[in-house]
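Engineer: Input: one structure, supplied below.
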Amino acid sequence: EKHELIEFRRIAAYLFKGNNRWKQSVELCKKDSLYKDAMQYASESKDTELAEELLQWFLQEEKRECFGACLFTCYDLLRPDVVLETAWRHNIMDFAMPYFIQVMKEYLTKVDAIKEKVKVDSFPSLSLED
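Just so we're on the same page, this note's numbering is the position in the sequence shown counted from 1, plus 9.
Okay, structure coming up:
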């Protein structure tokens, strides 16, 4: 991790990941400006806190494009309420809007599926074939 060549430090980050030392792996990637790797490792960690910390760090470093990319790379880990508050506080709703459109689409799809299931379960004499 202290080697002078960046590729060796990248290998060190990969080895940290392989040993479930996710936080160290992401920190090393951030230090070396390996943002894509940092996002990927945060996503693979399945750690919501680590993903949210990475989002905050991107904002502190004023890397708004990385913030937007991280929203999709770590999509399944991020809580929409946290993303909404963070984007609003930093006045970057434009970067977060594609994420929210996708979240709303998923929620509406789930609600429609549940609504259809309830409708079918409530009226067993009716089927989709009728």
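For every residue, glycine included, the Cβ atom is placed at its ideal position computed from N, Cα and C. Bear in mind the structure is a predicted one, so any value in this text is a computation, not a measurement.
With three or more C-beta pairs closer than 8 Å as the rule, is the region 91-108 touching the region 118-134?
Structural biologist: No, the region 118-134 is not in contact with the region 91-108.
Engineer: Please work out which residues of its chain come closer than 7 Å, Cβ to Cβ, to Val35, disregarding the five sequence neighbours upstream and downstream, and give them in chain order.
Structural biologist: As a working note, residue 35 is residue 26 in the sequence shown. If we look at Val35 and ignore the five residues flanking it on each side, its Cβ neighbours are Ala47, Tyr50, Ala51, Leu59 and Leu63.
Engineer: Quick one: Cα of Lys26 to Cα of Glu125, how far?
Structural biologist: In the sequence shown, residue 26 corresponds to position 17, counting from 1. In the sequence shown, residue 125 corresponds to position 116, counting from 1. The alpha-carbon atoms of Lys26 and Glu125 are separated by roughly 43 Å.
Engineer: Since Val91 contacts Leu80 with CB under 8 Å, what's their CB separation in whole angstroms?
Structural biologist: Reading the sequence shown from its first residue, position 82 is the one you call residue 91. Reading the sequence shown from its first residue, position 71 is the one you call residue 80. With a Cβ gap of about 11 Å, Val91 and Leu80 do not count as contacting.
Engineer: Please classify Tyr108: is it buried, with 16 or more other beta-carbons within 10 angstroms of its beta-carbon, or exposed?
Structural biologist: Residue numbering aside, residue 108 sits at position 99 when the sequence shown is read from its first letter. It is buried - the Cβ of Tyr108 has at least 16 other Cβ atoms within 10 Å.
Engineer: Need the endpoints of the alpha helix (DSSP H) that Ser52 sits in, please.
Structural biologist: Here residue 52 refers to the residue found at position 43 of the sequence shown. Counting along the chain, the alpha helix (DSSP H) containing Ser52 begins and ends at Tyr44 to Ser54.
Engineer: Please name the residue, chosen from Asn29, Cys75, Asp85 and Ala122, that lies closest to Tyr44 on a Cα-to-Cα basis.
Structural biologist: To locate residue 44, count along the sequence shown from 1; it is residue 35. Nearest of Asn29, Cys75, Asp85 and Ala122 to Tyr44, Cα basis: Cys75.
Engineer: Taking Ser42 as the reference, which of Leu87, Trp97, Val127 and Lys72 has the closest Cα?
Structural biologist: Counting from one through the sequence shown, the residue named residue 42 turns up at place 33. Taking only the C-alpha atoms, the option nearest Ser42 is Lys72.
Engineer: If you draw a straight line from the C-alpha of Met113 to the C-alpha of Thr57, how long is it?
Structural biologist: By one-based count along the sequence shown, residue 113 stands at place 104. By one-based count along the sequence shown, residue 57 stands at place 48. Cα-Cα distance, rounded: 20 Å.
Engineer: Work out the CA separation of Tyr84 and Val120 for me, nearest whole Å.
Structural biologist: Counting from one through the sequence shown, the residue named residue 120 turns up at place 111. Counting from one through the sequence shown, the residue named residue 84 turns up at place 75. The straight-line gap from Cα to Cα measures roughly 20 Å.
Engineer: Does DSSP put Ile101 in a helix, a strand or coil?
Structural biologist: Position 92 of the sequence shown, counted from the first residue, corresponds to residue 101. Looking at Ile101 - three-state DSSP - the assignment turns out to be coil, as it is neither helix nor strand.
Engineer: Which stretch, first to last residue, makes up the alpha helix (DSSP H) that contains Arg88?
Structural biologist: For the purposes of this step, residue 88 is taken as the residue at position 79 of the sequence shown. Segment: none, Arg88 is in no alpha helix (DSSP H) and carries neither H nor E.
Engineer: What does a CB cutoff of less than 8 Å around Lys55 pick up in its chain, not counting 5 residues either side in sequence?
Structural biologist: Position 46 of the sequence shown, counted from the start, is the residue given in the question as residue 55. Excluding residues within five positions, the ones whose Cβ falls inside 8 Å are Leu86.
Engineer: Can Lys162 and Trp66 be called in contact, C-beta distance under 8 Å?
Structural biologist: Since the first residue of the chain shown is 10 and the last is 139, residue 162 is not available in this structure.
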